[in-house]
Amino acid sequence: MLVPVIMAGGMGTRLWPVSREHYPKQFCALVGDSTMLQQTMRRLDGIGAATPLTVCNEEHRFLAAEQLRQAGVENAPILLEPVGRNTAPAITLAALQATANGADPLLLVMPADHLIQNVPAFHEGLSRAKALAEEGWLVTFGIVPTCPETGFGYIRRGKKIGDSGFAVASFEEKPDLETAKAYLKEGACDWNSGMFLFRASVYLDAMHKHAPAILEACRAAMTGVESDAYFLRPERAAFEACPSDSIDYALMEKTDRAAVVPLDAGWNDIGSWSAIWEAQDRDADGNALIGDVLQVASKNSIVSAQKRLVAIVGVEDLVVVETADAVLVAKRDAVQHVKEIVSQLKSADRTEHVDHRRVYRPWGDYDSIDFGNRYQVKRITVKPGAKLSVQKHHHRAEHWVVVRGTARVLKGEDTIMLTENQSTYIPLGEIHALENPGKIPLELIEVQSGSYLGEDDIVRLEDRYGRA
């Protein structure tokens, strides 16, 4: 049995302003119409795998579940990390979960935010790797390099193992340019992809030998695991005590059972806007234009317009990314510094690195379309059959105007039905709830007024999504 383990944690700060803390790059559609997570799931089609196990952060759980549903993966288990502790603990949690019922599957560990353009070549490499994993090797996939890349770690191939791959001779840190050129000329070093395949028990035995503190903490956390529908929550205090380390440092660099299978499948880690430019279709002038974009006499640039028309004239090697509340302009060879903008936003206690103007919730989403002193206007969309929590506010009142669909509204002791062009008023402190009983999305305009309008002024009394 083969169980895919999809690693969907991380923040993707280098892809701001599209990637944000509550909507990171693995949940964004960066290359093509589907998100990176959905593309990762769909490339599993045809390999005969069992239901995948997704590992993500607590705050992303509903986003992950909804995107999996859209990709045709219903009710798949989602393992929620209480805190970030890097890849070795996350994979250990997944291995313990996969063996909890006595099974001992092969685990295919894949980051959710990588692009693989040649899926048949990936499947062929996976087939070669399975032969090694069945023999007890801890297999990693090495990407055959196409240029002297300084942004990746490298894996040096050792002796050949059968017809499938090579023993790992060494892991090499990110090199300088001259060293990277030497690696490329040598032809025996591959980029470190962060993808793995191994038997769950072999991995756990290796962790017991080389990283026992991580394994012990993860066992304690999974002993206290709680199940909420398909969400799995390890015990927080035990996991917080776990050392933080990557699988490379904790295990792969120490074991004598590490193997590498070279993979040439159009891989891209989508780690920066320049990487997205490389992965996109480009016009005759080398421009990757996404959305409503016009260009004149411009070359080798990437422009992503999400909300408005963006026009460029006479520019070269630029990155221009427009969203509803932020615009990024950068030289294409300087995009590694975008994360420093995110740091400045954090230091200034701003929110543009945390949420988009449009915020997703398990029941739908809302778009903050206007705000000012003591008021805020939102456009709220509620999915068919979904319901917001029963709640109240200490500092604000709300006016609701339905513009599409049907709303069932709880106000105090009363329940009323509203249709298009009808409205209601929720006084400060009133217990209330909003539900869409129909078969089409419910859309309404909400006008909030009061002394404090933050999202933390919500007292949830009942909630079908476990947030009360």
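Using the UniProt record's numbering, the first residue of the sequence shown is number 1, and each one after it goes up by one.
Think of the CB as a built atom: it goes at the ideal place given N, C-alpha and C, for glycine as much as any other residue.
Straight-line Cα distance separating residue j from residue i
| i | j | result |
| --- | --- | --- |
| P4 | V109 | 6 Å |
| Q344 | W273 | 19 Å |
| D269 | Q117 | 11 Å |
| T323 | S193 | 30 Å |
| I78 | R61 | 7 Å |
| G72 | L44 | 12 Å |
| L410 | R460 | 14 Å |
| Y230 | T13 | 29 Å |
| E66 | E74 | 9 Å |
| T204 | D245 | The residue you asked about is not Thr; residue 204 is Leu in the sequence shown. If you take the alpha carbons of L204 and D245, they lie about 15 Å apart. |
| Q26 | A49 | 21 Å |
| W267 | Q422 | 52 Å |
| K339 | L15 | 8 Å |
| K392 | T424 | 15 Å |
| G136 | R358 | 47 Å |
| T419 | I458 | 25 Å |
| D190 | I155 | 5 Å |
| L80 | V315 | 44 Å |
| V382 | D365 | 7 Å |
| Q38 | P120 | 17 Å |
| F166 | R157 | 6 Å |
| W363 | L63 | 11 Å |
| E253 | A206 | 12 Å |
| A237 | A76 | 25 Å |
| T51 | M36 | 18 Å |
| D292 | Q306 | 8 Å |
| V319 | D456 | 35 Å |
| D176 | D333 | 16 Å |
| L132 | I47 | 17 Å |
| L215 | R308 | 50 Å |
| E435 | R408 | 5 Å |
| L251 | Q70 | 35 Å |
Integer-rounded CB distance, given that residue j should sit under 8 Å from residue i
| i | j | result |
| --- | --- | --- |
| A8 | V55 | 6 Å |
| H375 | Q448 | At residue 375 the sequence reads Tyr, which differs from the His that was named. With a Cβ gap of about 6 Å, Y375 and Q448 count as contacting. |
| M195 | L93 | Not really, about 18 Å apart at Cβ, beyond 8 Å. |
| V18 | V321 | 6 Å |
| V401 | I445 | 5 Å |
| M41 | P24 | Not really, about 16 Å apart at Cβ, beyond 8 Å. |
| G187 | K174 | That belief does not hold up - the Cβ atoms of G187 and K174 are roughly 19 Å apart, past 8 Å. |
| T415 | P437 | Not really, about 11 Å apart at Cβ, beyond 8 Å. |
| M1 | A103 | 7 Å |
Extent of the continuous beta strand (DSSP E) run through residue i
| i | result |
| --- | --- |
| M195 | 189-199 |
| Q448 | 442-450 |
| F141 | 138-143 |
| G372 | 364-372 |
| C56 | 53-57 |
| L434 | 432-435 |
| M7 | 2-7 |
| V303 | 302-305 |
| G46 | Unbroken run through G46: none, as it is neither H nor E. |
| F171 | 165-172 |
| Q422 | That residue, Q422, is in no beta strand (DSSP E); it is neither H nor E in DSSP. |
| Y360 | 358-361 |
| Y154 | 154-161 |
| E322 | 318-322 |
| R460 | 459-462 |
| A288 | 288-290 |
| V327 | 327-331 |
| V293 | 293-296 |
| V313 | 310-313 |
Cutoff 9 Å: residue i Cβ touching any chain C Cβ
| i | result |
| --- | --- |
| R236 | This model lacks chain C altogether; it includes just one protein chain. |
Enclosing alpha helix (DSSP H) for residue i [first to last residue]
| i | result |
| --- | --- |
| S343 | 338-347 |
| residue 470 | For the chain, the structure presents residues 1 to 468; residue 470 sits outside this window and is missing. |
| A62 | According to the sequence as given, residue 62 is Phe; it is not Ala. Counting along the chain, the alpha helix (DSSP H) containing F62 begins and ends at 61-70. |
| K185 | 177-186 |
Runs of beta strand (DSSP E) wholly within the segment 379-420 (minimum 3 residues, chain order): Correct list: 390-392, 396-404, 407-411, 414-418.
- request: Please list the segments of the alpha helix (DSSP H) lying wholly inside the segment 80-131, counting only runs of 4 or more residues, in order along the chain.
  value: The DSSP assignment places 87-98 as complete runs of the alpha helix (DSSP H) inside the segment 80-131, in order along the chain (cut-off: 4 residues).
field: At least three beta-carbon pairs within less than 8 Å, the segment 416-431 to the segment 394-405
entry: Under the Cβ criterion (8 Å, minimum of three pairs), the segment 416-431 counts as touching the segment 394-405.
query: So, do the segment 83-99 and the segment 190-205 have three or more beta carbon pairs nearer to each other than 8 Å?
result: Between the segment 83-99 and the segment 190-205, the count of Cβ pairs shorter than 8 Å is three or higher; the stretches touch.
message: Quick check for students: name the residue ranges of the beta strand (DSSP E) that lie wholly in the segment 223-279, counting only runs of 3 or more.
response: If we require 3 residues or more, the beta strand (DSSP E) runs fully inside the segment 223-279 come out as 226-228, 231-233, 258-263.
query: Touch check for the segment 454-464 and the segment 373-391: three-plus C-beta pairs under 8 Å?
result: Counting C-beta pairs closer than 8 Å gives three or more between the segment 454-464 and the segment 373-391, which meets the contact rule.
Validate contact between the segment 201-215 and the segment 158-174 using beta carbons, cut 8 Å, 3 pairs: Touching, no.
- prompt: Within the chosen definition, does the segment 254-264 reach the segment 137-150 through at least 3 CB pairs nearer than 8 Å?
  reply: Note that the segment 254-264 touches the segment 137-150; at least 3 beta-carbon pairs, one per stretch, sit closer than 8 Å.
query: Quick one: any contact between the segment 295-302 and the segment 235-249, if contact means 3 or more CB pairs under 8 Å?
result: Using a C-beta cut-off of 8 Å, the segment 295-302 makes no contact with the segment 235-249, since fewer than three inter-stretch Cβ pairs fall below that distance.
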